[in-house]
Each structure stands twice: as structure tokens, then as C-alpha cells.
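Peer 1:
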RNA sequence: GCGGGCAUAACUCAGCGGUAGAGUGCCACCUUCACACGGUGGAAGUCGCAGGUUCGAAUCCUGCUGCCCGCACCA
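Pasting the structure below:
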């Protein structure tokens, strides 16, 4: 391929699809069993119902960068892809489809329904894999797993049976969170509570009276759920509440159902300061009442059907939907003269995370995992550092949750999922839990056994992910090679749902941590900081950023089920910067999106999408492209790259760039090791643009144009080396662009593997380490002086309003022989970069007369003299210099003041004091020289002050 | 109520004890033969407020204010 193949500007649409195809046709990212050291990362499996969102893009970006870095460092690297069957979400999707056909899952029956879900999964369940590929992942697709695969199901069953046999799984009849929307139980973690705002009542606190059975009076209670009163089995008062002591032990009569209800004393439930101090007790429908019921041996009466209607216990209200029943009960109480008023009230509704329906506490037998014994080793593993969290602050959150852990309800009344392997006997009481399907009761041998209808919480299978994906419970070579995995990387919002449970299960079943490090990232939000949601209409599809999209497409992807005009309004509110976005998004490309996402520090809880920054990284891609294109015009015939460490070049510029390269390489490696991808991307961005392109490339141009043969050869090698090393440094963040650029480089310059072989592609090349350069602090100082001299000329001209292209003849003076030599050596480059017609360099010592009427600057021990005659009025220079003098003096005075402080001298470290002394001296010297320059400016100049 | 976090340039965010930084935006200039998705120069911050520790604080400590996020509770 020739440099002319480079289109301009860089167009990711030309390059990225090509490398995606090559990758998928290759075996570059297949990990091999049995080779160590290994590096493993199992992707957090996205929902099978899902399509790629910014959170997935962030996950993949971070993980793939870490994975690619590890792979290039020579580790046997495995990045495991996968999809989660997502019980409730998937079942809801398919049920919605059925509804369009006028059917329910019950019309189909369980087997046919499950068949139908699999069919759906086959058609649209793999979409997210395709979307992940667009981002340039280096996943090992041959090892992709779906949590409902046969081997995964086997692992789930094995885990369940073992826990049961160990007494860590049990069945109990307890109050659970019932989601009427999902028609299932959900776990504590899946309950969301909206914070109540007392200023905005969202409910009604309704008071009513129970009449004492002897007709001697009444007792008033209040509730936000009047319909539950048909399930009341007690009224509780505080034992010390003088108002009610005489009533404890007596009874009231229920107005609607024939029941005597005791008035009991319960100091836990009843709070004398709240309401009337008397509280109705409905043990089967309230968590606190349930505890009170257990304490006091109360009857527990379930009044609800699973669909939210009142059952036969509802008396006159039986059959009514719960909210209709609420109104009916209120009316009936009023009619009976028992209503005692109501007031607006703010309460925290408990809702189902998936369906948003208000949850009902219900008494139902369910399967639970006993968490305490599992939590203890998992807590210890984090405490003693076998597992570390990044950012560290999550350790506390983890400790706190794990130390107060509740048993985990794992039954779900769904059809889609791993059916619980428990069989009940109709002939006896025995429960049979088995690895194999059961035909006879383990207790009495009866064939009348029924399997538990329920499936397991999806998170139960997720908890086995790091080892089930590797073949557990089999002792597979993969398991031996890749477990424990190296890193678990995911959003902080599932630290309890997932991370904590994986740690518990991994330690329990394998006796070893499932991963050594946990990296938790934040949430990608819109420009205003709001969480992305289709309801808010502020979702941005990462593929629209990658491929480009029209405004209409963007807006349509942002929300669901809203008219376009409204959707546009919602979108504009969430992304104020897009007000001028007529054309939609350009194709930023996967590489720019990745680099952008990687540029955020892990402690950012929120990443507010910033399109201008994204654009900045697209520009960076273009910069890399063009720099490579330019370099290729010079390095096509570069000599062979020496094996081993890069040899130390001769010239200042080369030694400088190689020193900066060494610095960048170590900064990037350290940053990736620390999971500070933001620092890694910043370091390589800084190096490539501001050091390699802005300076080294510019300094090398005159050499390529008119340097000696030897100099040209040396600069070619250095340039090619820096460029090739940059491609390798950038590759984990920008896989497509760097592959393309690297493929254009002459073979001579590509870094070989340690065995001497030429890597097939950049992804398989060694990551830069020691030996790519050498730090040279001295040459860096020399280079800084050269840069400062050039910048001094530019600044002086700019501040004086001297047009570029003016006829400049600049003289540099220094007492430092090396600086003089450097300036002389680079005089052609200096002319080019300052646009001066001619330059002269003088080595001076002691006081030297200054010419009159010159623009003057001094920095890093180099004086800059620019004759102004014929260019501008020297008066302007006088003003400019005076301003400069004032600034320098102010700075010098500030430091001098510190140096006058005896305590500072006595207590500050010697090197700090020394640095300040040198700095004051330098500043004073500059001030003197500037003052002298003013003095010789000429008549006009000196009178301007 | 318990716990965690955040407040730095117009915007988005680094820095977390020794001269206030980056990207974007802004202003001025430049169509210099890799790149105008470019180059050069510039302006811009009493680092939320008040105390304290220290020779020295954006950085450590305490309090306050304002936001955010968990967990618990809510007749």
C-alpha cells in the first residue's frame, strides 16, 4: 500500500469495517488452554433483550483496552463474551408479542412458551454481539456463552444441589415482595423506593375506628392502605402508653368480617408519638406487622390473590382489585360511621424495578440462600487484599452490605429461566432435590412427584459466571488455565447484584477468589447529567456516534413511543450543545468513541456525554492519520530497526524525542496497570500531538530536505521508531486506526516479537516497555531552551503585531556554549518555526553592548534580539517590555518573600529552598536584562514609560 | 436515621502538601508544500464558605452550605 491510499481527512468508515472483518475471520484473539501466565476477563453479560447502549460501550472500551494491553504484554489473554437470559425482561418481551396475537403464555403452555422464547432468542437475541463487534472488541468469540446454554444450566443445577445439600439453600414461607406486574417474587435488591417528599403528599392517611366488642368505646387507627384492614388480626399499642393501658387484652369487632381482634401491647411496633399511638396489625401484608405477628403469635390472614384482587378473606370486598377495594373499604367505613378523617401523606412506595408496579408484601413459600456463611469468606477476601476494588472507596460499601446481608430469595414465578430442581411428593411431605430429573419421591418412593414450577433468579446463574463460563463443574483445562480470572470490570450499580455474589459463589465452590481485581465504572449520562432513559428521551445510541446519523435518526433513537416533535424537544433539553446540529452526527468512528470513553477517570460516578470532547478525539485520529501519512513519505526506505533496546541517537532533537517517548511509555504502562486509562490516554495524546508532531516532526523537516545522508538516515530511523511505538501505545484505545497505520509501515521498522518473528498484526505485537527509549534529563533541558527561544521570538512578534512573513533577522545570544551549538545546529528549523528570514547565534560572555531599537526577550539563558527598524514603532516594544518586567518582578518578589522567612529556610526541605533561590536569581537576571533592553531602545522607547 | 461521594477557567473534567493544569469554547493572527478534523500567540480561576494544622494548603483536619448516590425506616 502506498501513502496515496490515505484519504483525507481520515474517514473511519473506510478503515474500521475492513479491520472488523479481518478480525472476525482471524484467530488472533483465541486464547489457548494450558499456557501461562494467563490474563482473563469475563465480560458482564448484557441482557439478551438489550441493544448496545453507552454503558455497554464504556464497559467494552475499558475492558478491551485492558485486555489488549495484557495481550500485547505477552500474557495468554482471554476475553470471554456472553449474554444473559434475563428472566423477567425476556419473558415480558415475548409475552408482549403474544399479546399482539391475542394470546397469553398460559394459552401456549409452559413448553410451547419456552420454545417460543428460544425462537425469539434465535432471531433477535444475538444483535448485541454484532454491535459489540462494531466497537472493535478482541473477545474470543469461540468461547461465547449464553446463561441458558446446556452446560451453563448444568452448572446452575450443580450449584443449587450442592448448596441445598450443604444446608445453604432452604425453603421457607415468609413475607416476600410480590410484583403484580411481573407476576413474580423479587428480591430485596430489586425493590426501588422513591424518596418521599413531605411537601408533596402522594398518598392519603385514612383514619378509622374499631369499636370495642362490649360497646364501651372505640380505638382509632390510621393507614395508607385501608383495604388491608380486612386482614387485620390485632391492634397494637405501646405498653407504656397510659392512654391505652386499660384496653390491652380487650377485643374489638371487625365491622366487615366476623372476627374478634385483640388489642395487644407491642413496644416495637407501636410508637406513641405517631398518629393515635394505636396501630392496626396486618401480619400477612406488612413487613413490620409480620414481625409483630410472629412476636405475638397472631393469626396471619392472606387477603390477596396473586393478580392483586382480594380473595375470599376479603369478605364483602372479595374479587375487587386492590385499589378499587381501597375506595370501597373507605366508603363502607364512612357508611358505618367509623371513618375518622384523612389527611394527605407522603410515603415511599416500594416498586418493582422491572415493571414499576407497586409491590405487595405477600406470604408465600419460596427458596432462599443462606447468606451469612457465604459472606464471611467473601468479606475476608476483600479485607486481606486477595481482591481489591478500584476505586478503593467501594471497599467500604461492599463491607457494609456484606456485613448486614439478608438471605436471598431466589424463587421467581416465571417460565423463562433455570427451573428449580426440586420435586414435591403428593404422597408424603418429602422434598427431593436432585441433579437428575426425578420420577420417584426420595422419601416414600411414590411416583406422584411434581417439580417446583418456579425458576431461579437470573442473578443466581450470573453469580457463577466467572467459572461456569470456563466449564465448571468439570475440571476443564480452561478452568485450570484461566481461573481465578484477573479482573472483573462492571458498573458500580451492580456491585451487590453481581460482584458480591460472584465473590461468594466463587469462593464457595472453587475455594478461590473469582477475580483478583474489581474495577467499577460510572454511568454515562446526558449533557445535563441525567441518567439516560427512553422515558426521558435522552438516550444516545453509541452506534450513531460511530457511524454518524441524521438528526431524525438520533432523535428517534433517543425515546420510545413519543411523537417526533416531543421527542425532539426532550432531546434538545438533554443536549443543549446540539442546538445547531442540523446535519446530525458525523461518523466519529469507533476509535474516537473508545478514546473518548477511556479518557475518564474511574472515580467519575457520572460521565456526562461531551460531544465537543468526542470531536476533539476524532480530530486526534485525523492527526495520527496525517502524521503517519507524512512520515511515510520519508521513511519508506528506512534502515532495519536494530534488535534490542533502541540505540541512543546523536542529535539533540532525536535524543529528546526518544527521551520523551521513554517517559510516555512508562507513564502509559503504569497508568494501565493502575486502571487509570484517563492518564494513559492523556499521556499518549500529549506525546503524539505536542511532542512528536509539533516539535520533532517540524525539526526533522529541514533535515529531510537538506541534511547529510547520515543525518537523514538517523532521523528516519528515529521518526519511524517513534511513530511505530506510538501506534503500539495507542492500539488498546484505537485498534482500527492503529492497525491500518501500522500496516502501512515498512516491515523494517515493525517491532518484532521476542522470538524474532514479525507479528501478523499490531494487536499481536509487543506493547512498548523498557528499551524503546532512554530518559535524558539533560537533553530535555537543552531542548526546552531551544523551544523557549523559538517561542520567545513568536511571542515577541505576536505581541508587537509584527506580521508573519515580515523580514525578520533574529539574533540569539547565550553564554552557554551548548545552547549556542544547539541553536546553530537547528538554525534552519528555527527559521522555519519563527518564519525569520535569517538568524544569527552569538556566544557571549560578560556584558555585551546591546544594539538600539530591537525587540528583546530572554528565557532559559538565551537572549533574543529582533531589529525593529522598518517593522514597527519601537515605542510599542517599550511598553511591552515594561509589562514583562512588572510580571517578572512580581513573581520574583513573591518567592523572595518566602526566602526571607526564617522558618521556611529552617524547615522546608533543602531542595525546595534551593529551587526557589535559583528561580529568584533567574527572574532577577531576566528583569535586569529586560530593563537594560528598555534603556537602549532609543529615544522614543525610553520616553514612553 | 446510617454510610459514601462531589463542589477547581465559560463548559466537561484532571491535579490532592512545595511556581494553578488539560480538552473544548473564546479573542487575535496565519490558506508556511502531513493535517483548517490544521498552525501561532493570547485572555480567562480569591481551587463552594468559615476556621484549624503546617515554614507552606486547591491538596490534610473540623464545621457550614449546596448538590449526588447507596442502605434503613415511614400508622
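Residue numbers (my numbering): 1212 to 2156.
Glycine residues also receive a C-beta, built at the ideal position from the N, C-alpha and C atoms.
Small disclaimer: the values here were computed from a predicted structure and weren't measured.
(1) Would a C-beta distance cut-off of 7 Å place residue 1559 and residue 1405 closer than the cut-off?
(2) Ignore the nearest five residues each way along the sequence and tell me which others in residue 2179's own chain have a CB closer than 7 Å to its CB.
(3) Excluding the five sequence neighbours on either side, which residues of its own chain have a C-beta within less than 6 Å of the C-beta of residue 2147, listed in chain order?
(4) Using DSSP with H/G/I as helix, E/B as strand and the rest coil, what is residue 2033?
(5) Identify whether residue 1219 lies in helix, strand or coil by the three-state DSSP scheme.
(6) Return the residue from the list 2003, 1520, 1351 that minimises the CA-CA distance to residue 2076.
(7) Report the rounded CA-to-CA distance for residue 1891 versus residue 1604, giving the unit in angstroms.
(8) Would you identify the three-state DSSP class for residue 2155, choosing helix, strand or coil?
(9) When you compare each of 1937, 1844, 1668 to residue 1874 by their alpha carbons, which one comes out closest?
(10) Determine the direct distance from the alpha carbon of residue 2081 to that of residue 1918, and round the result to whole angstroms.
(11) Enumerate in chain order the residues of its own chain whose CB-to-CB distance from residue 2150 is below 6 Å, with the five nearest sequence positions on each side excluded.
(12) Should residue 2120 go down as buried or exposed, given a rule of 16 or more other Cβ atoms within 10 Å for buried?
(13) Taking Cβ positions, are residue 1220 and residue 1781 nearer each other than 7 Å?
(14) To which residues does DSSP link residue 1445 through a beta bridge?
(15) Identify whether residue 1563 lies in helix, strand or coil by the three-state DSSP scheme.
(16) Based on Cα-Cα distance, which residue from 1494, 1474, 1498, 1501 lies nearest to residue 1488?
(17) Helix, strand or coil for residue 1454? Go by DSSP, reduced to three states.
(18) Using C-beta distances below 6 Å, list every residue in its chain close to residue 1450, excluding the 5 sequence neighbours before and after it, in chain order.
(19) May I ask you to verify whether the region 1270–1289 touches the region 1969–1978, counting CB pairs closer than 8 Å and requiring at least 3?
(20) Thinking C-alpha only, which one of 1493, 2043, 2050 is nearest residue 2020?
(21) Is it the case that the Cβ atoms of residue 1351 and residue 1242 are separated by a distance below 7 Å?
(22) Three or more C-beta pairs under 8 Å: does that hold for the region 1580–1596 against the region 1528–1545?
(23) Put residue 1620 into one of helix, strand or coil per three-state DSSP.
(24) Between residue 1186 and residue 1578, is the Cβ-Cβ spacing less than 7 Å?
(25) Indicate the three-state DSSP secondary structure (helix, strand or coil) for residue 1613 in the structure shown.
(26) Could you check whether residue 1416 and residue 1735 sit closer than 7 Å to each other, using their CB atoms as the reference points?
(27) Suppose contacts are defined by Cβ-Cβ distances below 7 Å. Is residue 1366 in contact with residue 1679 by that definition?
(28) Within 10 angstroms of the Cβ of residue 1958, are there 16 or more other Cβ atoms? Answer buried if so, exposed if not.
(29) Tell me which same chain residues have a C-beta within less than 8 Å of the C-beta of residue 1820, skipping the five on either side of it?
(30) Rounded to whole angstroms, what's the CA-CA distance from residue 1310 to residue 1300? Just pull it up for me.
(31) Could you spell out where the alpha helix (DSSP H) holding residue 1978 opens and where it closes?
(32) Buried or exposed, going by whether 16 or more other CB atoms sit within 10 Å of the CB of residue 1189?
(33) Closer than 6 Å by C-beta to residue 1960: which residues in its own chain qualify, once you throw out the five before and the five after it? Chain order, please.
(34) Out of 1483, 1441, 1480, 1454, state which residue places its alpha-carbon closest to the alpha-carbon of residue 1472.
(35) Quick check on the DSSP output: the beta strand (DSSP E) that includes residue 1344 runs from which residue to which?
(36) Would you call the region 2005–2014 and the region 1314–1323 touching, i.e. three or more CB-CB distances under 8 Å?
Peer 2: Let me spell this out:
(1) Taking 7 Å as the Cβ cut-off, residue 1559 and residue 1405 qualify as a contacting pair.
(2) Nothing about residue 2179 can be read from this structure; the chain reaches only from 1212 to 2156.
(3) Excluding positions up to five away in sequence, the list reads 2061, 2063.
(4) Residue 2033 falls in the helix class under three-state DSSP.
(5) In the structure shown, residue 1219 sits in coil (DSSP, three-state: anything other than H, G, I, E or B).
(6) Residue 2003 holds the alpha-carbon nearest to the alpha-carbon of residue 2076 among 2003, 1520, 1351.
(7) Cα to Cα, the separation comes out at about 22 Å.
(8) With a pLDDT of 33 at residue 2155, under the threshold of 50, the modelled position of that residue is not reliable, and the figure given next carries that caveat. The three-state secondary structure of residue 2155, taken from DSSP, is coil.
(9) Checked all of 1937, 1844, 1668; the closest Cα to residue 1874 is 1937.
(10) C-alpha separation (whole angstroms): 34 Å.
(11) With a pLDDT of only 46 at residue 2150, under 50, the local geometry of the prediction cannot be trusted, and the value read off the model is given with reservation. Within the same chain, residue 2150 has no close Cβ partners at all.
(12) Within 10 angstroms of the beta-carbon of residue 2120 lie fewer than 16 other beta-carbons, which makes it exposed.
(13) Contact annotation: residue 1220 and residue 1781 have beta-carbon atoms that are not nearer than 7 Å.
(14) Per DSSP, 1492.
(15) Strand.
(16) Closest option to residue 1488, Cα to Cα, is 1474.
(17) Reduced to three states, the DSSP call for residue 1454 is coil.
(18) Counting only Cβ-Cβ distances below 6 Å, and skipping sequence neighbours, we find 1476, 1478.
(19) In short, these stretches touch, since the Cβ pair count reaches three.
(20) Measuring from the Cα of residue 2020, the nearest candidate turns out to be 2050.
(21) Between residue 1351 and residue 1242, the C-beta gap is smaller than 7 Å, which places the two residues in contact.
(22) Here the region 1580–1596 makes no contact with the region 1528–1545; the two share fewer than three CB pairs at distances below 8 Å.
(23) Strand, per DSSP.
(24) Since the first residue of the chain shown is 1212 and the last is 2156, residue 1186 is not available in this structure.
(25) Secondary structure of residue 1613 (DSSP, three-state): helix.
(26) Contact flag unset, no.
(27) Yes. Within cutoff.
(28) Exposure of residue 1958 is indicated by the presence of fewer than 16 other C-beta atoms within 10 angstroms of its C-beta.
(29) For residue 1820, where only same-chain residues beyond five positions count, the Cβ hits under 8 Å are 1265, 1735, 1736, 1737, 1738, 1751, 1786.
(30) Roughly 15 Å separates the two Cα atoms.
(31) Here residue 1978 belongs to no alpha helix (DSSP H), and DSSP marks it neither H nor E.
(32) No answer is possible for residue 1189: the residues shown for the chain start at 1212 and end at 2156.
(33) Within the same chain, and ignoring the five residues on either side of residue 1960 in sequence, the residues whose Cβ sits closer than 6 Å to its Cβ are 1849, 1852, 1931, 1935.
(34) Out of 1483, 1441, 1480, 1454, 1441 has the C-alpha closest to the C-alpha of residue 1472.
(35) Counting along the chain, residue 1344 falls outside any beta strand (DSSP E), though it belongs to the alpha helix (DSSP H) covering 1338–1345.
(36) No: the two stretches stay apart, fewer than three of their Cβ pairs being nearer than 8 Å.
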